[in-house]
Every structure is written in C-alpha cells, then in structure tokens.
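For the sequence shown, this note's numbering assigns the number 129 to the initial residue and increments by one for each residue that follows. By construction, the Cβ of each residue, glycine as well, lies at the ideal position given by its N, Cα and C atoms. All values reported here derive from a predicted model rather than from experimental measurement.
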Amino acid sequence: MFNFFKNKKEETKDIKESTSSKKDSAFGFLKNALSKTTNSLVDNVLNVVSGEIPDEFELEDIETMLIKADIGVDYAVELVEKIKSEKIKTAKIKDFLREEFSKVLNIEKDNKLKFEKDKLNIYFVVGVNGAGKTTLIGKLANRFKNQGNKVLLVAGDTFRAAAEEQLDVWSKRAGVDIVREDKADSASLVYRAIDKARCENYNVIIIDSAGRLQNKFNLIEELKKIKNVILKKLQDANLETMLVLDGTQGQNGLSQASVFNEAVDITALAITKMDSTSKGGIVFAIAKELKLPTKLICIGEGIDDIADFDSVEFVNAIFN
Ligand SMILES: Nc1nc2c(ncn2[C@@H]2O[C@H](COP(=O)(O)OP(=O)(O)OP(=O)(O)O)[C@@H](O)[C@H]2O)c(=O)[nH]1
Ligand SMILES: [Mg+2]
C-alpha cells in the first residue's frame, strides 16, 4: 500500500547515477515512487467498494487497507467511522481521505528544520539501534557544510568504538570536524563540544547518540542526561531534538516515538529508508497521535539521499 519503494530499485539506481540532480529531484523521486503506492493506497481502498455507498463489509475492508498502510489502528477506525456516519459516497472517498490526511499533517508545529545562520544550531539525534541516526548525521552535515556553515559532529555514542569510527568516516566524507573520545561519558563530551563550538565559532553541532533498545532504561536515562546538559548550555542557541525512525518498521515507530518523546521532548522526526519497503503511513500515525512533525526523509544510503519533508508534496504525491 504505502510500500513506496517496493518496485523502485530501478528508479533508485537511475537517480544514484546522477548525484547532483538527485538533490533537486528528491521530491520528484518521492512523488514518482509514491504515485505507484498511492495508486495502491487509493486503488486498494476503492477496489473493495462496489456500490454507491460502502456497506458494512466494505467498510471493514477499507479499515483493513488503511491499517495495512501503517496509519495506525485508531486513526483507521476513526476514518472509517467518519465515512460511515457522514455517509460518504464511494466516489468521494478519495477526496475525503485526501482532506483528512492533509489536515492531520497540517499540525501547528512547523515542518521546517529549525536553523538560523547567525546562531548556534544544535541537533540532538536519537533513536533505536539501526534506525539510521549516524547515516542521517553524515548527510545532514554534508548539506549544512555545502550551504556554507561551520559544522561540528559529536560522537555521543561512546560505548562502541565502531560507532565513533563510523561517524568519523562520515565527518571525513562531509569534510566537517568531529569531537570524539573513547569511553568518555557522553554528557560530558557534549558539554565540552558545546564549549568548543562557541569558542571556535561553529554554527552547527550535530550530536550522535547510542541506540540500544534492549537496554531501554539506561539508554533513556543517558539521553535525559545529555538533554539536560544541552539545555543548561543552550543560551540563545536553537535546539532540535530529532528522533530518527526506520520507515520500514511500521507501527513500531509509533511506540518508539512515544517513549523517546516522553524522555527528551522530541521536536522533529526524520524518517529513513523510504527507498526500501517503507510504509509512509507512519508519518500520518505519528502526526495524528503525538502531534510530532516529520521534518526530514532519507531515501538511500548515499550522502545526498536526504530531503526536507514537505507535507503538501507528500499528500499530493499520494493523491495525484
Ligand atoms: N536503504 C537505506 N538504508 C539506510 C538509510 N539510512 C540508513 N541506512 C542504513 O541503515 C543501516 C543503519 O544505519 P546507521 O546510521 O548505522 O543507524 P544508527 O541508528 O546509527 O544505528 P546504531 O548506531 O547502531 O544505533 C546502515 O546500513 C545504513 O546504511 C536509508 O535512507 N535508506
Ligand atoms: Mg549510530
């Protein structure tokens, strides 16, 4: 349904061949990919209805289709209830869904990544193991660097030497500086990094963190500690606490978002792996349940495979 990229390998390959055009066409790429899924979302929903108005069985099928698209069970039930109570005709279901999805993404919070060139901008990146945090940081660093910013990466995942190595590789690829210290306490490292950034006039700091789902309590406590340090040293800096979610994980994302949000007050979401079997419905589920804005999407493992999330384009891509 929302399996945007199920058959998209070829398109991915085409785009990979031209990195420079990729950034420009990231949303074209998404649109292209989505249009097929879209058709599957819209078609799947509409295909189960034959009469002028959906009957009970058909309403159930619509609900199943929506749940499969990862928009969340509660939201799917709510939509179907509306279709039923408002007696929405089959011919109008597409318009109805379009309007509902647009409304849900049109939340109060801004979808644009916080950034002011003349200030210090701190991005604290969190998420479970393997979500794509370190990769996203590399891409974001590269983008900020290319826009003329002075960028400092902080290897806040101090438990695994390999994690620091991985971030180090990305820092070289992006041509930006990095602060790393084996086995250091990550909160102290962040403390020192913010001092360094201020002394040396960096305007972007991106902080990596360890993702360990199996050790949830410690992970969350450590993240809270880092967040407190950042808040203490924030002054007039911008802060974006960004949760990275693997788009292929579907509804798991919703529960992860709620745990992380409770601990560190998430201000932005980044959905990764939209190029594989991602079910983009999670964007709606999270906007609906947690009122959290998706600000970035990642569409591959390459350095340019990142794009700002645009809710209008996203909905258009699904329904046009
Ligand atoms: N296809 C695809 N793969 C991605 C994307 N983003 C990240 N990956 C891959 O996902 C895997 C995990 O990415 P990492 O960046 O190491 O994830 P992490 O959240 O830092 O993981 P931990 O440090 O273990 O918590 C790597 O193999 C990445 O190349 C994406 O947008 N698309
Ligand atoms: Mg990592």
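Are there any heavy atoms of ligand 4 lying less than 7 Å away from the beta-carbon of G375, as far as the coordinates show? This structure lacks ligand 4; the ligands present are ligand 1 and ligand 2.
Taking C-beta to C-beta, are I484 and K361 nearer than 8 Å? In the structure as shown, the chain begins at 129 and stops at 448. Residue 484 is therefore absent and cannot be evaluated.
Thinking just about the alpha-carbon of each residue, which of L207, L367 and S316 is nearest to the one in K231? By one-based count along the sequence shown, residue 231 stands at place 103. Cα-wise, what sits closest to K231 is L207.
What number of angstroms, rounded off, separates the C-alpha of I431 from the C-alpha of G260? As a working mapping, residue 431 is identified with position 303 in the sequence shown. As a working mapping, residue 260 is identified with position 132 in the sequence shown. Their backbone Cα atoms lie some 12 Å apart in a straight line.
Does the beta-carbon distance from F287 to T369 come in below 8 Å? Stepping through the sequence shown from its first residue, residue 287 is reached at position 159. Stepping through the sequence shown from its first residue, residue 369 is reached at position 241. Cβ atoms of F287 and T369: not closer than 8 Å.
Could you check the C-alpha separation between I221 and K423 for me, to the nearest Å? Residue numbering aside, residue 221 sits at position 93 when the sequence shown is read from its first letter. Residue numbering aside, residue 423 sits at position 295 when the sequence shown is read from its first letter. CA-CA distance, I221 to K423, rounds to 28 Å.
Would you say T369 touches ligand 2, meaning its beta carbon is less than 7 Å from a heavy atom? In the sequence shown, counting from the first residue as 1, residue 369 sits at position 241. Residue side-chain check: T369 keeps its Cβ at 7 Å or more from all non-hydrogen atoms of ligand 2.
What do you reckon, is the C-beta of A291 under 7 Å from a heavy atom of ligand 1? Within the sequence shown, residue 291 is the residue found at index 163, counting from 1. Yes.
For Q363 and V177, what's the separation of their Cα atoms in angstroms? As a working mapping, residue 363 is identified with position 235 in the sequence shown. As a working mapping, residue 177 is identified with position 49 in the sequence shown. Rounded to whole angstroms, Q363 to V177 spans 57 Å at the Cα level.
Quick one: using the 10 Å Cβ neighbour count with 16 as the cut-off for buried, is E350 buried or exposed? Reading the sequence shown from its first residue, position 222 is the one you call residue 350. It counts as buried.
Under DSSP, the alpha helix (DSSP H) around F412 begins and ends at which residues? For the purposes of this step, residue 412 is taken as the residue at position 284 of the sequence shown. Note, F412: alpha helix (DSSP H), G409 to L418.
Is it the case that the CB of Q294 approaches a heavy atom of ligand 2 more closely than 7 Å? Start at 1 with the first residue of the sequence shown, and residue 294 comes out as number 166. At least one heavy atom of ligand 2 sits closer than 7 Å to the Cβ of Q294.
With a threshold of 6 Å on Cβ separation, who are the neighbours of D152 within its own chain once the five nearest residues in sequence on each side are excluded? Stepping through the sequence shown from its first residue, residue 152 is reached at position 24. Any answer about D152 is weak, because its pLDDT of 46 lies below 50 and its placement is not dependable; what the coordinates show is given next. Hits under 6 Å: none found.
Verify the contact flag: K196, CB atom, against every heavy atom of ligand 2, threshold strictly below 7 Å. As a first step, residue 196 is located in the sequence shown; it is residue number 68 there, counting from the start. Because no heavy atom of ligand 2 lies under 7 Å away, the Cβ of K196 does not count as near it: no.
D310, buried or exposed, once every other Cβ within 10 Å from all chains shown has been counted against 16: Along the sequence shown, one-based indexing puts residue 310 at 182. D310 is exposed by the Cβ-count criterion.
Using 8 Å for Cβ pairs, my map puts A291 next to A283. What's the rounded Cβ distance? Here residue 291 refers to the residue found at position 163 when the sequence shown is read from its first residue. Here residue 283 refers to the residue found at position 155 when the sequence shown is read from its first residue. Contact annotation, A291 with A283: C-beta distance approximately 7 Å; criterion of less than 8 Å satisfied.
CA-CA distance, V411 and I334? The sequence position of residue 411 within the sequence shown is 283, counting from 1. The sequence position of residue 334 within the sequence shown is 206, counting from 1. Each residue's alpha carbon lies about 23 Å from the other.
K324 versus I306: straight-line alpha-carbon distance, rounded: As a working note, residue 324 is residue 196 in the sequence shown. As a working note, residue 306 is residue 178 in the sequence shown. Each residue's alpha carbon lies about 11 Å from the other.
Looking at the structure shown, is I265 part of a helix, part of a strand, or coil, going by DSSP? Counting from 1 along the sequence shown, the entry for residue 265 is found at position 137. Helix at I265.
Taking 7 Å as the cut-off, does the CB of S422 come closer than this to any heavy atom belonging to ligand 2? Position 294 of the sequence shown holds residue 422. Note on identity: in this sequence residue 422 is Thr, with Ser being the wrong assignment. Not so, every heavy atom of ligand 2 lies at least 7 Å from the Cβ.
In chain order, what residues of the same chain lie with their CB nearer than 6 Å to the CB of I199, ignoring the 5 residues before and after it? Start at 1 with the first residue of the sequence shown, and residue 199 comes out as number 71. Here the set comprises G409, F412 and A413.
What is the DSSP secondary structure of Y251, counted as helix, strand or coil? The sequence position of residue 251 within the sequence shown is 123, counting from 1. Here Y251 sits in strand by DSSP.
Considering only residues of the same chain and omitting the five flanking positions on each side of L418, which have a CB-CB separation below 7 Å? Taking the first residue of the sequence shown as position 1, residue 418 is located at position 290. Cβ neighbours of L418 beyond the five flanking positions: A385, S386 and N389.
Limits of the beta strand (DSSP E) - the one that L367 falls within: Locating residue 367 in the sequence shown gives position 239, counting from the first residue. Where L367 is concerned, the enclosing beta strand (DSSP E) starts and stops at N366 to D374.
How many Å lie between A338 and E209 at the Cα? Locating residue 338 in the sequence shown gives position 210, where the first residue counts as 1. Locating residue 209 in the sequence shown gives position 81, where the first residue counts as 1. About 41 Å.
Please classify N239 as buried or exposed, where buried requires at least 16 other C-beta atoms within 10 Å of its C-beta. As a working mapping, residue 239 is identified with position 111 in the sequence shown. It counts as buried.
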